[in-house]
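Peer 1: Top to bottom, those sequences are chains Z and A. For the first sequence, the residue numbers in the working numbering are 100 to 260. For the second sequence, the residue numbers in the working numbering are 100 to 260. C-beta atoms are modelled at their ideal positions from N, C-alpha and C, and glycine is treated no differently. Okay, handing you the structure first.
Protein chains: 2
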Amino acid sequence: MIWICFVIFLAACFAAGATGGLFPPGRWYERLNKPSWTPPNWLFPVAWTTLYVCMAAAGARVAVADGNALAMALWSLQIALNTLWTPVFFGLQRMRLGLLVLAALWLSVAATMVALWSVDWIAGLLFVPYLVWVSVAAALNRAVILLNPDEAARERQPSGD
Amino acid sequence: MIWICFVIFLAACFAAGATGGLFPPGRWYERLNKPSWTPPNWLFPVAWTTLYVCMAAAGARVAVADGNALAMALWSLQIALNTLWTPVFFGLQRMRLGLLVLAALWLSVAATMVALWSVDWIAGLLFVPYLVWVSVAAALNRAVILLNPDEAARERQPSGD
Chain Z
100 MIWICFVIFL AACFAAGATG GLFPPGRWYE RLNKPSWTPP NWLFPVAWTT
150 LYVCMAAAGA RVAVADGNAL AMALWSLQIA LNTLWTPVFF GLQRMRLGLL
200 VLAALWLSVA ATMVALWSVD WIAGLLFVPY LVWVSVAAAL NRAVILLNPD
250 EAARERQPSG D
Chain A
100 MIWICFVIFL AACFAAGATG GLFPPGRWYE RLNKPSWTPP NWLFPVAWTT
150 LYVCMAAAGA RVAVADGNAL AMALWSLQIA LNTLWTPVFF GLQRMRLGLL
200 VLAALWLSVA ATMVALWSVD WIAGLLFVPY LVWVSVAAAL NRAVILLNPD
250 EAARERQPSG D
């Protein structure tokens with residue numbers, strides 16, 4: 100059962116990760132001013148693939164444990180917010196709204212980590228790299244807003260086309 | 100605990116539902132040929148809001164029950180796929196890829212319904228309207244592809260801009 104759950108949670112992660120291929124950074128992101136500590140582009144898919152395996156393992160470990168209610172509800176919330184960020188940031192090119200989604204994602208990942216930990220400390224530990232990476236992503240999103248004030252000010256609204 | 104879980108699952112549903120406001124149908128969808136049985140636009144948010152309450156209630160009921168591993172993993176998978184569909188269909192205007200996501204969503208919703216039902220029949224029942232609505236959405240997505248072959252053939256690729 101734990102392996103079936105692992106595969107299902109991993110599929111959920113890859114549904115979220117599919118947004119990375121569908122809404123790629125592209126020329127818009129390339130042209131933005133970025134901080135000196137911006138991770139290289141190749142690192143993002145490598146980091147996410149590693150994180151997905153950790154996230155799915157954490158989910159599966161706690162899914163088969165008792166008293167998992169809060170952890171399971173929060174795992175669902177964080178994967179929905181995770182799926183939302185890329186289309187907002189790279190699809191709509193709305194950096195401020197992206198930061199708002201990332202803030203919500205950060206909170207949900209932190210809460211999931213605590214809830215997982217209370218059931219199974221290994222599962223909680225498996226969420227630590229994820230929280231670190233989302234922290235880096237949020238700092239990068241914020242830095243890009245500050246370094247591109249004109250771009251941030253003219254955030255595209257949905258055009259309806 | 101069940102109420103806290105209900106609120107968290109509902110938040111996950113509204114993260115998925117936010118895509119409806121961020122990637123609205125707009126003029127592109129208005130101009131497409133649609134089958135005579137297409138539901139009116141106003142019905143979509145009403146239906147989804149109702150479904151979200153049912154989905155969150157089903158999730159919360161099973162989250163606090165024993166033996167919920169498979170149901171919880173599948174609940175997470177369906178909400179990630181649910182969040183993915185709108186950006187693909189309305190954001191990228193990729194109807195065929197949208198149908199592929201909807202097919203995966205349909206399968207995950209059906210599997211979640213069965214898994215929920217095996218733990219708590221009321222939770223399973225609460226997923227029936229969702230499965231019906233996703234079936235209607237998939238039939239509509241398919242009909243729109245067939246009624247707009249030129250549009251379907253020239254599916255926009257991510258432009259990189």
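With a threshold of 9 Å between beta-carbons, can methionine 194/Z be considered close to chain A, or not?
Peer 2: No, methionine 194/Z does not count as interfacial toward chain A.
Peer 1: Going by beta-carbon coordinates alone, are leucine 230/Z and alanine 209/Z separated by less than 9 Å?
Peer 2: Going by C-beta atoms, leucine 230/Z is nearer than 9 Å to alanine 209/Z.
Peer 1: Enumerate in chain order the residues of its own chain whose CB-to-CB distance from valine 233/A is below 8 Å, with the five nearest sequence positions on each side excluded.
Peer 2: Here the set comprises Leu201, Leu204, Trp205, Val208.
Peer 1: If you run the structure through DSSP and keep just helix, strand and coil, what is serine 135/Z?
Peer 2: Reduced to three states, the DSSP call for serine 135/Z is coil.
Peer 1: What are the residues in the stretch 161 to 175 of chain Z lying within 8 Å of chain A by C-beta distance?
Peer 2: So the close ones are Ala162, Val163, Asp165, Asn167, Ala168, Leu169, Met171, Ala172, Leu173, Trp174, Ser175.
Peer 1: Comparing the C-beta of alanine 110/A with each C-beta of chain Z, is any distance below 9 Å?
Peer 2: Yes, contact with chain Z.
Peer 1: Can you list, in chain order, the residues of its chain whose CB lies under 7 Å from that of threonine 118/A, leaving out five sequence neighbours each side?
Peer 2: Excluding residues within five positions, the ones whose Cβ falls inside 7 Å are Thr182, Thr185, Pro186.
Peer 1: Does the beta-carbon of proline 245/Z have 16 or more other beta-carbons within 10 angstroms, so that it is buried, or is it exposed?
Peer 2: First, the residue type needs correcting, since residue 245/Z is leucine and not proline in the sequence shown. Exposed.
Peer 1: Tell me the rounded alpha-carbon separation between tryptophan 102/A and glycine 125/Z.
Peer 2: Going by the C-alpha atoms only, they are around 42 Å apart.
Peer 1: Around the Cβ of alanine 149/A, are there at least 16 other Cβ atoms within 10 angstroms (buried) or fewer (exposed)?
Peer 2: It should be noted that the sequence gives threonine, not alanine, for residue 149/A. Threonine 149/A comes out exposed.
Peer 1: Tell me which same chain residues have a C-beta within less than 6 Å of the C-beta of alanine 237/A, skipping the five on either side of it?
Peer 2: These residues qualify, in order along the chain: Leu201, Trp205.
Peer 1: Would you list, in chain order, the members of the stretch 198 to 212 of chain A that have their beta-carbon closer than 7 Å to a beta-carbon of chain Z?
Peer 2: Within the stretch 198 to 212 of chain A, no residue has a Cβ that lies closer than 7 Å to any Cβ of chain Z.
Peer 1: What is the residue span of the alpha helix (DSSP H) that glutamine 177/Z lies within?
Peer 2: Here the alpha helix (DSSP H) through glutamine 177/Z covers 168 to 185.
Peer 1: For threonine 137/Z, which residues from the same chain have a beta carbon less than 7 Å from its beta carbon, with the 5 sequence-adjacent residues on both sides left out?
Peer 2: Within the same chain, threonine 137/Z has close Cβ partners Leu239.
Peer 1: Please tell me whether tyrosine 153/A has its Cβ less than 9 Å away from any Cβ of chain Z.
Peer 2: Here the sequence assigns cysteine to residue 153/A, which means tyrosine is not the residue at that position. Cysteine 153/A does not count as touching chain Z.
Peer 1: With distances taken from CA atoms, which of Asn167/Z, Ala168/Z, Leu196/Z, Gln192/Z is nearest leucine 180/Z?
Peer 2: Minimum Cα distance to leucine 180/Z is reached at Leu196/Z.
Peer 1: Secondary structure at glutamate 254/Z, three-state DSSP: helix, strand or coil?
Peer 2: In the structure shown, glutamate 254/Z sits in coil (DSSP, three-state: anything other than H, G, I, E or B).
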